[in-house]
Each structure stands twice: as C-alpha cells, then as structure tokens.
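**Student:** Just dropping this structure here.
Number of protein chains: 2
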Amino acid sequence: MTTRNLDRLFDPRSVAVIGASQDLTSISGQPLAHLRSHGYRGNIYPVNPKYTAIDGVKTYSAIGELPETPDLALILVNAARVPGVLRECGEKGISFAIIFSAGFSEIGAEGAILQQRVAETAKKYNVGVVGPNCQGMMNIPENVYAGFGSPFKMQPFRAGPVSMVSQSGGFGYSMASLAEEAGLGFRKIMSIGNEAGLTSMDFMEHFVDDEGTKIVVGYIEGLQDAYRLLEVGAAALARKKPILVWKMGRTEIGQKAAASHTGNLGGQSALYDALFKQKCIIQVEDVQDLIDYSNAFLYGKLPHGSRVAVVTASGGAGVALADQCAQSGLQFPSLAAQTIKKLRALLPAFSSLINPIDATPSLFNRPTGSAGLREVFQHILDDPNIDSLIVANSSVHGALATGIAQVIMELDRATTKPIFVCWSARDALAGDAFRILKDAKIPCYKTPTRCGKALGAVTRFALACRGQQAQQSEEIACIERPAVRAALRSRQGMISEYEAKAYLREYGICTTGDAVASSIEEARQIAGQMGYPVVIKIHSADISHKTEAGGVRLGISSDAELSAAYSGILESARRHSPQARIDGVLVQEMVRGGAEVILGILNSRQFGPAIMFGLGGIFTEVLNDVSFRFAPVTDAMARDMIAETKAAAILKGARGAPGVDVGGIASTIVKLSAMAIDLKEEIAELDINPLFVLRESGEAKAGDALISLADHQAARA
Amino acid sequence: MTTRNLDRLFDPRSVAVIGASQDLTSISGQPLAHLRSHGYRGNIYPVNPKYTAIDGVKTYSAIGELPETPDLALILVNAARVPGVLRECGEKGISFAIIFSAGFSEIGAEGAILQQRVAETAKKYNVGVVGPNCQGMMNIPENVYAGFGSPFKMQPFRAGPVSMVSQSGGFGYSMASLAEEAGLGFRKIMSIGNEAGLTSMDFMEHFVDDEGTKIVVGYIEGLQDAYRLLEVGAAALARKKPILVWKMGRTEIGQKAAASHTGNLGGQSALYDALFKQKCIIQVEDVQDLIDYSNAFLYGKLPHGSRVAVVTASGGAGVALADQCAQSGLQFPSLAAQTIKKLRALLPAFSSLINPIDATPSLFNRPTGSAGLREVFQHILDDPNIDSLIVANSSVHGALATGIAQVIMELDRATTKPIFVCWSARDALAGDAFRILKDAKIPCYKTPTRCGKALGAVTRFALACRGQQAQQSEEIACIERPAVRAALRSRQGMISEYEAKAYLREYGICTTGDAVASSIEEARQIAGQMGYPVVIKIHSADISHKTEAGGVRLGISSDAELSAAYSGILESARRHSPQARIDGVLVQEMVRGGAEVILGILNSRQFGPAIMFGLGGIFTEVLNDVSFRFAPVTDAMARDMIAETKAAAILKGARGAPGVDVGGIASTIVKLSAMAIDLKEEIAELDINPLFVLRESGEAKAGDALISLADHQAARA
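Protein chains in written order, with the working numbering: chain A, 678 to 1394; chain B, 678 to 1394.
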C-alpha cells in the first residue's frame, strides 16, 4: 500500500462535525467549540438532523447535503451508527475521518466486530480513518484544535518543532500539556485510538517526512505494523531526526492493562527493544526525559564520538556526572598532555585534572571578564581527545552566573563540539544566565542525572546516524531460492531435521553430513563411509522433538553399537508416538571439540523476520540471554548481536577454556538473514539447535534444524 | 567507641571563627557573615591576629584568649596550620571543630599525611572534627548557618523534617537548595568532607535518633565504616524513619572520580547494594526522587502490603502506572467480586474493572457533590484485596478538580490505607486542588512514573519495617569457639583444606570425610575403610590452588588407580611448586549425584563480615551471579539470598533436571554466619567451593575450603 499523504488531515480546508451537540461542554459538543475558539480558518459544517444551527453555525441534517466536500469529518455519533456514517462520508468523497466514538475493540468481541466493519468501510471508500476511541488532534501552527478534553480548553499550545502520535488520548495530551508548560513547543499531535485505519506508524512516517517537525514522539502500547519501524527509523536516521518513544506494556501487568485499554496485544518486549535499538529509536520513561532529550536535540549539534570531558566547580557533581555519563554509554578520556599543561598554569593547585575535571569553586568565582574561565573551557574544548563538553556550574548565581553564561554562549558559537551545561542554581537567582543559554539553545539541566542522560541520548543517536551511513556501504546478502519457496508454499506445520537442513544448505549454511537409512544394513553402510563415531536420530515428519521421544543416540563408535542403537530408537519412537509415520533413521557425523550455540528465525506479520542468537542451554532457557536483529543483518550487525549477550564471554574463552572465532557464527547469521527474507511468506520459525562451532577453524555447522511454517490460512484471513 | 552526642555541634551556644577574614565575600569571610545575617543567637568569636574587629565584631588574636570555651570552632586557616590550630582548640576544651580548609587527602600522599595528623590531634584532645575540605553546616530551625557558598547567601531555607549529610559540599547544598525550592523543608544539613574525625555514619546515627528529623538523607561516595549501617539501619526501621541515600561511584569511572574528589576509595558496589537492601535503605538517583520519596514518607501512612489498586480517567495513565508499579515491586490484585458488582452499577459500560480500573473521563467529569466519584473510590478503598490506592486524575482542572481533591481529602481522613494521587494538570489550572492535597499531606505527582516509584519506595519500606519485626523473633545462631579463635590469632596467610574443613566442622558445618595419608599404603588403608570411589588431593600449606598444581584426582575406584594417582599428584605438585612443603595426600570421600554451589565469607574492617552465595562456575565467574548478606544471617534471610540469584532457577530444577532442597544450603549459611561473627577478628576470607548438596536429602557438605587470614599487622597499624 502506498502511504497516504496526511497533510490535508492536519490542515483541512473544511471540516464536517458529524453528530455535533448543542451542549458545547459535552464530548460531542467540544470539537466544534474548540475549532472556533482557537481560530480555525476553514469552513465548519456541523451535521445533526436535530438542529438547524449550533452556536450560530449553520447545521446540516445529512452529510449528503453539505455544500462542498470537506477534507475531514469528525465523527461523534454512537458506536453502532459509525459504520453507516463512515459510508456516507465515503460516498461524499471525504478523504479523512476522525472517529471519536468509543465502544469498539476495547470493549471486547462485539466491539471488535463493529470495528472490523469500520475498517472495511474505510478501505472500500478509501477514507483515511483515525480512531475509533480517540481524542482528536492538534495542528498548532495552523490553529486546528479538533478534539475534546482539558488540553483543548486551555490557551493554545506554543508552536514548536515536536510532533507526537499517542495511543492514549487522555494520557498523551496530559503529557504534551506538561511538556508545553515546561517550555517545549509542539507542531502536530494526534490521538490515534484503536487504529482501525491509519496507524501510529503512518503518523511517525508522516512526521519523519514533515519538514517542520524536528523531533518525532510516540506514546506506544503496541504496534500492529511494528516492522515498518525499520524503514521509518532508517529514514529518520538519514534525516538526523530523532524518534522518541514512550513504550508501555514493558511489564506483564502493563501488557494486560494495555490489552484492556485499547485492545492492543502488545507483543514481545524483547522484540520491541531490539527494533528500537536497531534504529536508535530513543526510549523515554517520563515527561522529564521527553523535555530533556528534546532540548538536547533541538540544540542541533551532534558530537563526533562518545568522549566527553566534564569541568566542574563541585567534585561531587563531577562524580555524579561521571556515574550517569558512564551509565549512558559515554567515555571519559584523559586530556591530552598539552591541555593538562595549559590548565595547570590556570587552575589552583587543589584542582584535579583527571577527567571529570574539578576546577574548584575559585575558578567559577573569578570576576567576569577576567582570564581563566574562558581559557580553561577553551583549552578543554580544543583537546583532540574529546568530542563534547559538560560544564557543571554548581549553584553559582547572580552577576557571576550571567558572566559565565555569556562565556559559554560565545565559546559555543565558535565550536562544532556540543557544550552541555549542568547548573543547579535556582531560577529566581540565575534567571539571566538561564535566559542567555536558552536563547542560544544550549542544553542546560538542573541535575547531573538529567544532563548525563540527555547527552547520552544525543551521543547514541549521533553514532547511530554515522553507523547507518557505514552500514549502507556494507554488503547485504541476498539469496533467492524460488524452488525452496515453491516447495514450502503449499505445506503446513513442521519441517523436520533432514529436510530443514537441506534447505539451510540451499542458502549456503553448512550442516553436519547425514543420510537416511531404511535398515540396519544401510545404516552400517552409511556409517562406514562417514567414519565412526556417528549420531543416529529417528527420522519422522511427525516427531519434532526427537530427544523427548528417545529418538537420538550420540557417540556410536562401532557396527555393534549402531545395530543396538538402531533398534533402540525405533522402539522408543514407536512407544512414544504410536501413530507417527517413521521415515527411517538419520545417520549423522558426530562433531566434537567445539562450542555450541543456537540460531533462529522468528517471523510474524507484526514484526517481520528477526534473527535470534543465543548460547543455548541454561543461557537461553533460564537466563533468557538471547539477542535479536531484524533482517537484513550484515556481518558487523551479526558480530554486535553476538557481543551483546552474556554468552559472548564464554565464547571468548572463560575459565581457562580456549575461545572460538565468532566469524563462522556471524557469517551463518548473515546467510540465515538472507534465508529469512527470501522465505518471509513461508516460514514462521526456524531453529538451528545446536550450531556447532569448530574450535580450530571457527567453521560453523548446523547440527539440527526445525522449521515451523507460516499459517497461510491465517495469513489469507 | 561510644557515640558522641552531636546536639551541641548543630546548636552551639557560641562559635569561634578561626582565620576569619575581613573580606566577607571570601571563603574565610563568609561563615561569620552568614551566621550573623541569618540571625545566629549565640556569641561569635572571630580569631585572627591581624584584626581587632571584623564587621564590628570583636576579634581575638588567639584561641587561648577567648573569654569562654565555645561549643564549636570553625577552622578556616591554611591546611598546613590546621593541626596546630586544632591542638589549640583542644587545649581550650572546645568540643567540636569544622575544618573548611582544603589540601588534605584529596590532593594525594602529602595531604594524607597532614590529614592523619589532624585525626590524631582530634583523638588526643577528644575534639569532634568535621572535615577537612568541607563546606559547613546548617541547623535551619535554630538559624545556624555556618558555612560558605551560594546556598548560604540565599534566603533562609524553609524548616522541615529532612536532615542530610553529604560527602560533597557543593553538590549536597545544590541538591538541597533545589529540593527546598520545590517545597521540601530541611532541619540539619552537614557537609562532611574528608571525614578525618566524624563520619557520615555518625551523622546518620544522630539523625535517626534526632526527634525532629523524620527523614534521613545521605549523599555518599564511600563509607569507611559502612558496617555501622546495619545497626543504624535497624534503628531507623524500628523508628519507621526512612534513610534515603544517593550513592555515587556506581560505575568504575564514577569510583575513580570519587577517589580523586575526596580521596574516597569507595568499595564494592555489590556490598553497598547488599547493605542498603538488607536494611531497606532507599537509593535515589536524582533530586526529583529525593523530593518525591520525601513527600510520600512525610504523608506518614505505611501500607499493610504491596497490593495496589489504580483508578483512572485515562486508560493510558493506567497502563503507565501498571508498568511503573510492577517495576517498583507492587502487585495488582483483582478486586473482590462484591466490589466489582458495586462499581458496575456506578460506572459507564465502557469502563474496565480490571485493575488498573479505567473509570473513563465521564466519572471524573460529573458535577462535584454528585454521587459516583466518592462512592467509587470508597468501594475500592474498602476492598479487602487492596492495601493502597492510586487515583489518577489525568489533566482534570478548574472547579471540577477542586471538588475531586476535596473528596480525596475526606476519604483519606477516614481510611488507614494510603491514597496516592497522579494528577497531570497544570499548576496554574488546578492550584486549589493541589493546595487541598498538599495541606492534607496527600502525596500527589504529575506523572505515573514518579507516582509509582514513590509508592513503591514507601511500600518496600513498610514491608521492611514489618520484616524486621518478624526477623527479631527468628533465631540467630550464635556459636563461640575460643579454641579456634586462639589457634588462628597468631597465624598469617592461608589455611588450606584439611585444617579449614576441621574448623568448619567446629561450627557444625558438614564436610566430606577425609584423612591424611603419608604413604601409598596408608592411603589404601584409608580408602579401604572409606570405600571407593575416592578423591585424592595434595596436602600442603604452601599450595592453595591444588587443581592448578595438578594436585587433584577425582573418581578413583581401585587400589591400582589409587597408587598411580598418588605418585602422579606428588610429582605434579613438586614440579609446580618445588619449594612447597608437602604434608601428605588427602584421601576423601567422593560425592556424586547432587548439585554444587559455593559459599563464602568476605570480611573487612569497612563492611564487617558478609556471607556470599553463588552457584559457582560460569554463574559466579562470568555472570557475577552471587548474592550477599551481612552477618548475622537467619534461615529466612539465607533462603532469600539463595532465591534472589538467577542460579535459584537451576536449583529448582531447570530443563527437566530434578531440583534440590535448598534447606541444607540455608542452614549451612546460618552456621557460616555464626562462624563469621565468632572469627571476625581472625578471618578475612573463607571459600567453600564446592558445597555439595545431595539430591535426595538436601544435606550439604563442604567439599573443599580455603581460609585467608586477616592481616593483623595492618589491623594494628
């Protein structure tokens, strides 16, 4: 589906208000009142057969009677009437409708059916639908306030470059209102409700494209089309436009609450986290984060790296900044020798020149205009070892503060390196200083925690922008196997080891050698060619979990053992699954002396194909120590996903054991990613467990594999 | 040492200001100026031979000449002169001195020597010394402002029940100033500097005892006498008085910065975390936490349990609260059937009665005084399934807001259950409502994150107060073995397995059976009596790490194997450590079919004896998955410390393996704790690795042990 241009939704030339009430304080009365009180400039057409006029505005009895086709309809009628009204909008040719009415999927099965009808009607008439169960929108620079609730009743919001989409109307607008109160300017705000038509992703995409939007914000309980975040996130990185999300449903109880709120089923937290990480979508956990990070991004400077220097009047603030910056991923390099030499000449003997640099209060207490302060800051800024500077002014206030702010402002103009300020003075006592920094858009925070978090977010984003450029020059494996696609398309259920490994080999993934035997004699013959020791496994499409069925024997070292084991596993398998059709016995080379890991594909319509890596065993099952990346995965990304697990330490060789080269794992991940893309319509899950990694060569071989096919029945529904 | 009463330090009848300057804006001029400008009521005696008067106050040329003995001396002279001045203070009989001067341990070895002289002088003359390198103190209700820097220059702080000790002067006062600006009232604030005399712990203890202090706050980089927190924390729990700490040096870079700031070496983060956890000392990470938690505690109500109900006008706020509360350890029970029935009759059909309860805006928009709101809140409060209530009012404002606040206030008066409010309205629009709640001390937060965190902190503290009461009825193992103490007192270095296990048995800890053989024949005899299989190990006081020395053989099952192994380990050990004295070979029973864990004692003068538990292997060495408790450890505490490791899942029986009864481990921990207390002066470290846990009986047996003795040389220094 081509993306719909949403400009006319936010900036409609005329608006129909369907089901408008004469009680302007009621939910169905408010949108008309707010559009007018905030000075909407287009035509407004209330539609309600009960009235001829509402608040002096001519009111129509039916949508069909409107004198023109409005760009937008606001639908305020009872849930049951919504599909009919939407059809009329469609027939009139209206492009966009915001459905405020509640009583849809959030109330259960009955409401979900009604919502399905809304979705179908929207599709049939090609109406871009927002909602149902939403609170409306604001286009602040254009004075379009089409919604209800407290924030619509207030003074207009101050205009600015932050645009937001929220899956909660009440909460989203509350948070926006608090951020606005704290000085943040907004551009477009959309309460998206149950997403029967347009989704949060449509709005994030719109905001990323929207020239006037500099920061994209989303309050998210769950994304039905989460996979789109990969592309939208990439576009945002390319434009250096950050996306900040407040993701709800991080806990089980939160997910349950979200389900009963907007009927949103969420999805796995680990997959969201991986998705956000992969495109550096920045998570916020409170309004303060939103305000603090936005101020940092609106500043506009992105550091070239993560090496920060801190200069402070208070050793304690330096320690606090060091802690928070380290937690936020920043580095504290030593200053270059020549810088230290220059500083030593300027600072008191008690000063510590180990970064964070404790310049002591005496530096900050020198009369403004005197040498010292400016030179100290300048020398640190000039240091080739650092990418950004935090100046921590403690609670310096009054005229001294104003002078320091002036110096910082002047230095900031002349450098490409970001300067962040941590300043704990009271507003009433350092107002002039704060105003100077604010006018210069220099990020200034009252506490080290907030300052360090904000610089951390900006730095991560800067590195991700650069990383994406580097990534674009990396090779993306692309492997197309139409024959495999065709073979899987008509099938259902599980594909067991023998066949699954054959498919892996089609995509260049090494597997252990194996062959199917139909008799003990044949098994001996295969083992003879292969060389002992071997492994034998039951071969049956009906038995996915061979070990549980007693269908695996390892380390068989002679013909005699083979014969005994052959009979043994057949007997166990028959006892375990009497109905299973046994296709024979798999004779397989036995791999020894390497590490074992597991790889997987996890593919859904919500998220698209993700690749999973873990060490297996307790690391996966007890410690949940796995990492995810969404396809396509490059070699560098594969190495990152290995490195970010705790298991990486084991592969490096913990406790005196030799390490393994992870190159073989990484190249297998890259091929598996290509396979995941090629078979995106066919495969729901694929597990390689174990993937053997040979100690010497680092070569990786899939020891077992299992494919779970996509449910095409469900996909067509 | 008996604790010094600090009342006269904070409330001195007279103060000497030694080294006072006539420049009242300089650091050595400010304390005199601030004492006077804030209306200090006692006598002030500046001491400076250069002047006869400073700012009209009679000035003395020497301490000896003062007309009375002041309660407190403020010392502002150069570092080098401080020991001499302190001696004069001592000779004059002055009880307390605050040393502001810098240039001590924070500048390195030379300063550390000077600081040592200060400490010795203070001890000799029994002067209670604060500092050096500190910024002074405030006793706000008594108008004693004895310090320098911005916060001393401002209007007086508002008086309140929060007392704080800070290892950073500048930062501590900045944070206090911000908290005060946000409405928090303070009582006593002390900047403690380098702690040559009185320590942070002395002040925490004082604040816990101090009637007027309701909340104790500490900014901490490291505690030299951290072990005292156990007792002080217990006293705080007994008085239901929370201790909030902002602990710095949580990261490696933060620790490094702290070391160069106050010369504070910090110590292991894991031990601090364990200490804080054991006595429910609440960690804050920013000023906002400090303010938010303090407001929650000043409210005064402690919930009876962790079951919270949320009722909200915005489903989104409900989801956000659910997430934050769950992360903060709160539970979300279902309401009782009778409550749901009553609510169903009062709330619109769209409402969700699954906790968090989405009552929809319509409930909150009903005219004040109408039924509904009050009844809904009351029914939820009355529900036997819940211990606390959060009301989330979204951004409701104006007269409606005032009415809702009134209802909450009235309900709050009539219930013992805490009511917390999450209200995102702007101050300007809901000022009356906020004032009603503030006057009633009902905690009210602008965002769900802050509200959930604060209720979480109060709930954890309430449970800890109760837990401490329960714990006091639990048996504390006390085992005294004067013979063992005596045997260890004169020794140094390491105590190896055979002897260490003998000591363990003295404290009732089971060990594997073993005996020392001096010849192959003797070894055979022992093995014959013990029964094969056996383990043999080299027995040498000089070889602590037997496995590395090739000195261990497991699973020996016959006389022939024993003979070969006996010669083998002797040869390996001699090759590995030619100088080592070999005391024989240890023949030991071989334990099979159980789990293995490790236990330890970690004892230092800073922290006192801590007990460590871990699963060993990669869990300890790679994943750092260990837990600590400080002795004495009861059986319930031991079970908690096992349960809080990730390894606990393995012991329960992960991946189809049978679980083990942890009772044997817990009782071993309790005995080890008794041993740690009895041998607190003798042992620095003790490792039991492994502790075998028998699968069937749950019985635990130490398989190996190693003791590292305390360095008495250092202890005496």
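All residues carry an ideal CB built from backbone N, CA and C; glycine is no exception. Computed from a prediction, not measured in an experiment: that's the story for all the values here.
#1: Could you check which residue in A/Val1193, A/Ile771 and A/Thr1311 has the C-alpha nearest to that of A/Pro747?
#2: Comparing the C-beta of A/Glu787 with each C-beta of chain B, is any distance below 8 Å?
#3: Excluding sequence positions up to five away, which residues of its chain have a Cβ less than 8 Å from the Cβ of B/Ser1374?
#4: Comparing the C-beta of B/Ser971 with each C-beta of chain A, is any distance below 8 Å?
#5: Report, in whole angstroms, the separation of the C-beta atoms of B/Ala990 and B/Ala1069, which I expect to be a contact under 8 Å.
#6: Return the chain-ordered ranges of every beta strand (DSSP E) run that is complete within the segment 1284 to 1353 of chain B and spans a minimum of 3 residues.
#7: When you check each C-beta in the segment 987 to 1017 of chain A against every C-beta of chain B, which residues fall closer than 7 Å?
#8: Taking C-alpha atoms, which residue in A/Arg1230, A/Gln1256 and A/Ala1241 lies nearest to A/Ala1218?
#9: Do B/Phe687 and B/Lys865 have their CB atoms nearer than 8 Å?
#10: Taking 8 Å as the threshold, find out whether the segment 1325 to 1336 of chain B comes into contact with the segment 1346 to 1366 of chain B through three or more Cβ pairs.
#11: Three Cβ pairs or more, each shorter than 8 Å: is that satisfied between the segment 1097 to 1106 of chain B and the segment 1070 to 1087 of chain B?
#12: Residues of chain A with CB under 8 Å from B/Val1073, in chain order?
#13: Measuring CB to CB, does A/Ser1281 end up less than 8 Å from A/Ala1308?
#14: Leaving aside the five residues before and after A/Ser1385 along the sequence, list all residues of the same chain whose C-beta is less than 6 Å from its C-beta, in chain order.
#15: With DSSP run on the structure shown, which of helix, strand or coil describes A/Asp1219?
#16: With DSSP as the reference, identify every bridge partner of B/Ile1186, one or two as the case may be.
#17: Between the segment 840 to 861 of chain B and chain A, which residues of the former have a C-beta closer than 8 Å to a C-beta of the latter?
#18: Tell me where the beta strand (DSSP E) around B/Asp1364 begins and ends.
#19: Would you mind working out which of A/Asp1064, A/Ala997, A/Arg1051 and A/Phe777 sits nearest A/Ser1011, comparing C-alpha positions?
#20: Per DSSP, B/Ser1029 is paired with what?
#21: Count the other CB atoms within 10 Å of the CB of A/Thr702; is the residue buried (16 or more) or exposed (fewer)?
#22: When the distance is taken between beta carbons, is A/Gly993 closer than 8 Å to B/Phe848?
#23: By Cβ distance below 6 Å, which residues in the same chain neighbour B/Arg1393 in space, the five residues on each side in sequence not counted?
#24: One question on the structure: do B/Ser868 and B/Gln932 come within less than 8 Å of each other, judged by their Cβ atoms?
#25: Would the segment 823 to 841 of chain A count as touching the segment 890 to 900 of chain A if we require 3 or more Cβ pairs under 8 Å?
#26: For A/Ile1388, I'd like the list of residues in its chain whose CB is within less than 8 Å of its CB, leaving aside the five on either flank, ordered along the chain.
#27: Report the rounded CA-to-CA distance for A/Met1261 versus A/Ser1195, giving the unit in angstroms.
#28: Chain A beta carbons: is any one of them nearer than 8 Å to that of B/Met678?
#29: What residues from chain B crowd round A/Ile930, counting only those whose CB sits closer than 7 Å?
#30: From the DSSP output, in three-state form, read off B/Tyr896 for me.
#31: Determine the DSSP secondary structure at B/Tyr1180, reduced to helix, strand or coil.
#32: Would B/Ser1221 count as contacting chain A if we go by Cβ distances under 8 Å?
#33: What residue does the beta strand (DSSP E) around B/Asn816 start on, and which one ends it?
#34: With distance defined between alpha-carbon atoms, name the residue in B/Ala1315, B/Ile1319 and B/Ile1327 nearest to B/Val1347.
#35: From A/Gly1291, A/Leu712, A/Arg1182 and A/Gly706, pick the residue whose C-alpha is nearest to that of A/Leu753; which is it?
#36: Quick check on B/Gly664: buried or exposed, where buried means 16 or more other Cβ atoms within 10 Å of its Cβ?
**Tutor:** The structure says:
#1: A/Ile771
#2: no
#3: Asp1338 and Gly1341
#4: no
#5: 7 Å
#6: 1287 to 1291 and 1303 to 1307
#7: Ala990, Ser991, Gly992, Gly993, Ala994, Gly995, Val996, Ala997, Ala999, Asp1000, Ala1003, Gln1004 and Phe1009
#8: A/Gln1256
#9: yes
#10: no
#11: yes
#12: Ser827
#13: no
#14: Met1171, Ala1361 and Glu1362
#15: coil
#16: B/Ile1186 is not bridged to any residue.
#17: Ser843, Gln844, Ser845, Gly846, Gly847, Phe848, Gly849, Tyr850, Ser851, Met852, Ser854, Leu855 and Glu858
#18: Ile1360 to Leu1371
#19: A/Asp1064
#20: B/Asp1035
#21: exposed
#22: yes
#23: At B/Arg1393 the pLDDT is 40, less than 50, meaning the model places this residue with poor confidence and gives no usable figure here.
#24: no
#25: yes
#26: Note that residue 1388 of chain A corresponds to Asp in the displayed sequence, not to Ile. Counting only Cβ-Cβ distances below 8 Å, and skipping sequence neighbours, we find Gln1169 and Ala1361.
#27: The sequence as given places Gly at residue 1261 of chain A; Met does not occur at that position. If I take the Cα positions, the gap works out to 5 Å.
#28: Bear in mind that a pLDDT of 45 at B/Met678, under 50, signals an unreliable position, so the number given afterwards is only what the model happens to contain. Chain A contact via Cβ: absent.
#29: Ala999, Ala1003 and Phe1009
#30: strand
#31: helix
#32: no
#33: Gly813 to Asn816
#34: B/Ala1315
#35: A/Gly706
#36: It is not possible to answer for residue 664 of chain B, since the shown part of chain B is limited to 678 through 1394.
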